[in-house]
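Participant:
Residue numbers (UniProt numbering): 1 to 335.
(1) Between which two residues does the alpha helix (DSSP H) harbouring residue 48 extend?
(2) Which of helix, strand or coil does DSSP assign to residue 58?
(3) Using three-state DSSP, classify residue 148 as helix, strand or coil.
(4) Pull up the distance between the alpha-carbon of residue 117 and that of residue 320, whole angstroms please.
(5) Give the DSSP-derived three-state secondary structure of residue 210 in the structure shown.
(6) Any idea what DSSP makes of residue 273, helix, strand or coil?
(7) Could you tell me the distance, in whole angstroms, from the CA atom of residue 283 to the CA atom of residue 18?
(8) Counting Cβ pairs closer than 8 Å, one from the segment 222-236 and one from the segment 129-139, do we hit at least three?
(9) Assess contact between the segment 202-210 and the segment 119-130, defined as three or more Cβ pairs (one per stretch) separated by less than 8 Å. Is contact present?
(10) Would you report the Cα separation of residue 87 and residue 231, rounded to the nearest angstrom?
(11) Please report the distance separating the alpha-carbon of residue 229 from that of residue 198.
(12) If you follow the alpha helix (DSSP H) that residue 162 is part of, which residue opens it and which one closes it?
(13) In the DSSP output, which residue or residues are listed as bridge partners for residue 235?
(14) For my contact list, residue 38 and residue 14 are in at a C-beta cut-off of 8 Å; report their separation, rounded to the angstrom.
(15) Can you grab the Cα-Cα spacing for the pair residue 251 / residue 296, in whole Å?
(16) Helix, strand or coil: which one does DSSP assign to residue 326?
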């Protein structure tokens with residue numbers, strides 16, 4: 001068993017600092033073995049939720065001071081904000097098509113997952129979509145449909161790409177724990193059980209087939225079993241945060257041929273040496289009894305997104321570190 005991308009694969013979670021997409025695309029097409037369409041939250045309509053709003057064309061949404069909100073209508077053209085988010089995404093795809101002309105190989109796209117979207121977007125009359133079973137199902141279905149169209153569009157523009165689709169689910173642990181605050185702030189939304197979480201997550205993963213899928217969740221206890229049962233082929237985590245129980249779930253997933261996107265390069269502080277960056281992964285791998293051969297199932301990534309880097313140069317240095325860290329891991333896999 002090994003990663004579908006070959007040994008010493010590298011990528012990043014998607015977000016980067018600054019506003020120059022053209023420059024960043026040139027960087028990622030060279031710096032990582034799984035390049036990606038960057039998200040640049042410093043630009044308006046370019047954060048992760050706005051990107052998703054630009055994809056969800058079957059539901060009307062607008063942008064309020066508190067964030068994105070369903071408008072209750074069935075005509076997305078009524079939302080100027082949603083049209084602008086869609087336009088920004090299409091402009092980014094134009095740049096991708098230009099710079100990736102003739103490209104062959106893996107190419108990653110990122111989008112907010114259905115549970116994080118439901119925990120973030122508001123209903124027309126307040127509170128989160130999470131509070132309404134029907135609304136969160138409708139939102140998940142619209143996201144799956146929008147993702148399917150998005151993937152088809154990218155395939156048309158970059159026909160040599162082997163697509164990887166990453167669902168970002170930072171809010172899912174709170175959803176499962178019943179820890180998402182209600183609109184009043186005095187209560188919490190009812191928790192969702194594992195099967196319910198799988199049910200909403202599965203359609204988004206199935207919609208992008210035959211693209212390779214990965215779910216990203218930087219938490220101490222990411223719900224890896226939910227991701228596996230939903231059909232994800234990879235899980236992306238911040239290794240520095242993981243609990244002992246989470247490492248046990250990682251071991252089960254890797255043994256089940258799931259690719260681990262190992263967040264080992266820190267997003268803040270001093271940029272470490274490659275051996276230091278790889279240390280936690282290699283030590284824990286040995287402690288949980290996984291074979292060195294299974295390290296070939298690992299993709300090396302930053303711990304999380306790099307949008308908070310103090311400068312583009314700092315983010316670029318962390319991207320460049322990925323390849324050297326992957327070489328250290330690849331050497332261990334051959335030992």
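Even glycine gets a Cβ: it sits at the ideal position worked out from N, Cα and C.
Facilitator: Checking against the coordinates, here is how it stands:
(1) In the chain shown, residue 48 corresponds to position 48, counting from 1. Counting along the chain, the alpha helix (DSSP H) containing residue 48 begins and ends at 48-55.
(2) Along the chain shown, read from residue 1 onward, the residue named residue 58 stands at position 58. The answer is coil: DSSP assigns residue 58 none of H, G, I, E or B.
(3) In the chain shown, the residue the question calls residue 148 occupies position 148. Helix.
(4) One-based indexing of the chain shown puts residue 117 at position 117. One-based indexing of the chain shown puts residue 320 at position 320. Straight-line Cα distance between these residues: approximately 31 Å.
(5) Locating residue 210 in the chain shown gives position 210, where the first residue counts as 1. Coil at residue 210, not helix or strand.
(6) The count along the chain shown starts at 1 and reaches residue 273 at position 273. DSSP places residue 273 in coil when its eight states are reduced to three.
(7) The count along the chain shown starts at 1 and reaches residue 283 at position 283. The count along the chain shown starts at 1 and reaches residue 18 at position 18. For residue 283 and residue 18, the distance between alpha carbons rounds to 35 Å.
(8) They do not touch, by the three-pair rule.
(9) no
(10) In the chain shown, the residue the question calls residue 87 occupies position 87. In the chain shown, the residue the question calls residue 231 occupies position 231. The alpha-carbon atoms of residue 87 and residue 231 are separated by roughly 31 Å.
(11) Along the chain shown, one-based indexing puts residue 229 at 229. Along the chain shown, one-based indexing puts residue 198 at 198. Approximately 7 Å between the Cα atoms of the pair.
(12) The residue you call residue 162 lines up with position 162 of the chain shown. Premise fails: residue 162 lies in the beta strand (DSSP E), 161-168, not in any alpha helix (DSSP H).
(13) Translated into the one-based positions of the chain shown, residue 235 becomes position 235. For residue 235, which the question treats as bridged, DSSP gives the partners 215, 260.
(14) In the chain shown, counting from the first residue as 1, residue 38 sits at position 38. In the chain shown, counting from the first residue as 1, residue 14 sits at position 14. Between residue 14 and residue 38 the Cβ distance is about 7 Å, and since that is below 8 Å, they are a contact.
(15) For the purposes of this step, residue 251 is taken as residue 251 along the chain shown, with counting starting at 1. For the purposes of this step, residue 296 is taken as residue 296 along the chain shown, with counting starting at 1. Distance between the alpha carbons of residue 251 and residue 296 is about 14 Å.
(16) Start at 1 with the first residue of the chain shown, and residue 326 comes out as number 326. Residue 326 sits in a helix when the DSSP states are folded into three classes.
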